[in-house]
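Below: the structure, in structure tokens.
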Amino acid sequence: MAADIAGTDSKSAAIAISAGLAVAIAAFGAGLGQGRVGAAAMESIGRNPNAADRIFLPLVLTLALLEALALYGFVIAILLQGKI
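Here it is as structure tokens:
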């Protein structure tokens, strides 16, 4: 009986760590990507201010897709937590 409890605790700990890593890696990747995209857009607008209208929509769409990656990591973490 003690072995069953110990096995469950280590499995729960591994799932909790995996959930935390899923969120951390997804958030890091999304943040890094958003920073690079934002910097490139601002540099482009700085070089050609008249192109700001044409840059805005692709910028927002790209940022939304990058944020979706972070949300996918969060969903995976919630699904993993449901297994504990």
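In this note's numbering, the protein residues as written are 19 to 102. C-beta atoms are modelled at their ideal positions from N, C-alpha and C, and glycine is treated no differently.
#1: Under 8 Å by Cβ, that's how I've got alanine 48 and leucine 84 pegged, so tell me the actual separation to the nearest angstrom.
#2: Ignore the nearest five residues each way along the sequence and tell me which others in glutamine 99's own chain have a CB closer than 6 Å to its CB.
#3: Report, in whole angstroms, the separation of the C-beta atoms of valine 41 and leucine 81, which I expect to be a contact under 8 Å.
#4: Tell me whether isoleucine 33 sits in a helix, a strand or coil according to DSSP, three-state version.
#5: List in chain order: all unbroken alpha helix (DSSP H) runs of 4+ residues lying wholly within the stretch 69-101.
#6: Let's test the definition: count the other Cβ atoms within 10 Å of the Cβ of glycine 64 and tell me whether it reaches 16, buried, or not, exposed.
#7: Quick check: what's the CA-CA separation for arginine 72 versus glycine 51?
#8: Got a sec? Which residues, its chain only, sit under 8 Å from alanine 70 by beta carbon, not counting five neighbours each side?
#9: Ordered along the chain, which non-local residues of its own chain (more than five positions away) have a Cβ less than 8 Å from that of isoleucine 102?
Walking through what the data contain:
#1: 5 Å
#2: Ala37
#3: About 19 Å separates the two Cβ atoms, so there is no contact after all.
#4: helix
#5: 70-99
#6: exposed
#7: 20 Å
#8: Ile63
#9: Ser30, Ile33 and Ala34
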